[in-house]
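To start, the structure itself, in structure tokens.
In this note's numbering, the protein residues as written are 1 to 189.
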């Protein structure tokens, strides 16, 4: 398996939580029942899986190898991806902060939660599409075949296979739980 395939598998899990956020944000915006804690759990997923694990492997390994293989750091696709990672982090901070306020009784924060969740989901959907369709094929072409094994070793240095499996299982389980909750709530409405 190539490093880009691992990252694309992780994208599929992230997209599941994006779907939950989109539905939940719509409900929050309309004033329909939705649990503020759902957004806090989604923020935990984002911070620890999407950013903490997934983006860490991209930034700490893949992008560096691509730069070493001749791709520019400035003014090219890597710079765009890094900028979008930072933008996603800002949306996540806003989401968490607003959801905490809402959970503590500030109903005005409901709209802020909806806005941050919608903005994050929109950004990440576009970001994932760019990586899957453009950046990762570029990486597979730019990185010499003899270096692909080293990329996998470097991934393991960021996160051992056992750690990766545990993180993946934990956050895939959280994605399952969030999807079940949103489906259950959809059937009620």
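Cβ coordinates follow ideal geometry from the N, Cα and C atoms, glycine included.
Being a predicted model, the structure only gives us computed values, none of them experimental.
- In this structure, the straight-line span from the alpha carbon of residue 142 to that of residue 86 is close to 25 Å.
- Residue environment: residue 83 is assigned as exposed (fewer than 16 neighbouring CB atoms within 10 Å of its CB, all protein chains considered).
- By alpha-carbon distance to residue 175, the top candidate from 5, 28, 2 and 40 is 40.
- Residue 80 and residue 180 have their C-alpha atoms roughly 34 Å apart.
- Counting only runs of 4 or more residues that sit fully inside the region 67 to 144, the alpha helix (DSSP H) segments are 77 to 103, 109 to 130 and 136 to 142, in chain order.
- Inter-residue distance for residue 4 and residue 15 is about 16 Å (C-alpha atoms, whole angstroms).
- Remark: fewer than three beta-carbon pairs, one from each stretch, lie closer than 8 Å, so the region 92 to 108 and the region 132 to 147 are not flagged as touching.
- Nearest in C-alpha terms to residue 90, of all of 65, 177, 56 and 43, is 43.
- A straight line joining the alpha-carbon of residue 100 with that of residue 36 spans about 8 Å.
- For residue 51, same chain residues with a beta-carbon under 8 Å away, outside a window of 5 residues either side, are 85, 88, 89 and 92 in chain order.
- Exclusion of the five residues before and after residue 25 leaves 114, 117 and 118 as the residues of its chain whose Cβ lies within less than 6 Å of its Cβ.
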